[in-house]
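Novice:
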Amino acid sequence: MSIKDDMVVQFNYSLRDEKGDVIESNEGREPIAYLHGHDNMMPGIEDAINGKEIGEKFTITPSAADTYGERQQDAEQRVSVKHLVGAKVWKPGMAAVVNTEQGQRQVTIIKVGKFMATVDVNHPLAGRELTFDIEIVGARDASDEEIAHGHAHGAGGHHH
């Protein structure tokens with residue numbers, strides 16, 4: 001069964017940096033599940049998975065624009081430290097999460113004071129040449145409810 005739009009796809013992955021070191025993986029956890037063709041996955045990953053079969057393993061190095069985005073210069077913003085999620089004490093270089101109207105956004109602390117912090121709003125992996133090792137472990141036709149909701153339900157997907 002070839003992967004196509006309106007399918008729930010499950011895959012395992014490892015993410016390697018420019019030196020080949022693994023910086024992220026779902027090893028030992030449930031596969032990632034997403035609804036194919038509904039902008040629920042990075043374009044570079046979704047494009048590579050399109051047309052693949054269950055059991056296929058492959059490696060890709062998509063452009064930064066198709067993963068975490070190109071790095072934007074002067075992407076600094078000041079936020080109240082009470083809006084930073086992830087630690088109690090903040091130091092420059094640390095990653096934090098900020099809740100925005102568009103959902104959660106990962107940022108990097110540049111400078112922190114008692115009440116305000118200056119953060120880099122680029123994703124910490126933006127602009128980097130990253131390599132993904134992917135194994136397709138499952139695929140099925142999405143339910144009408146999943147298509148209407150625009151995301152996968154169940155294990156590895158969204159839970160209501």
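With the UniProt record's numbering, you'll find the sequence shown wraps up at 160, consecutive numbering, no jumps.
Positions of the beta carbon are idealized from the N, C-alpha and C atoms, including for glycine.
Model, not experiment: these values are computed from the prediction.
(1) Identify, in the order they occur along the chain, each residue of the same chain with its Cβ nearer than 6 Å to the Cβ of G44, setting aside the five sequence neighbours on each side.
(2) What ranges does the beta strand (DSSP E) occupy inside the segment 96 to 120, keeping only unbroken runs of at least 3 residues that lie completely in it?
(3) Is I136 buried or exposed, if buried means 16 or more other CB atoms sit within 10 Å of its CB?
(4) Does G44 come out as helix, strand or coil in the three-state DSSP assignment?
(5) Note down, one range per segment and in chain order, each alpha helix (DSSP H) of at least 4 residues found wholly within the segment 124 to 154.
(6) Smallest Cα separation from V97: which of D133, M116, V121, M1?
(7) Based on the DSSP secondary-structure assignment, which residues constitute the bridge partners of A33?
(8) For the beta strand (DSSP E) that contains I23, what are its first and last residues?
Specialist: With the structure as the only source:
(1) So the list reads P62, D66, T67, once near-sequence residues are dropped.
(2) Listed in chain order, they are 103 to 112, 116 to 120.
(3) So I136 ends up on the buried side.
(4) Helix.
(5) For the segment 124 to 154, whole alpha helix (DSSP H) runs of length 4 or above, ordered along the chain, are 144 to 149.
(6) Closest by alpha carbon: V121.
(7) DSSP, once it has assigned bridges, lists Q10 as partnering A33.
(8) Run containing I23: 22 to 25, per the beta strand (DSSP E) assignment.
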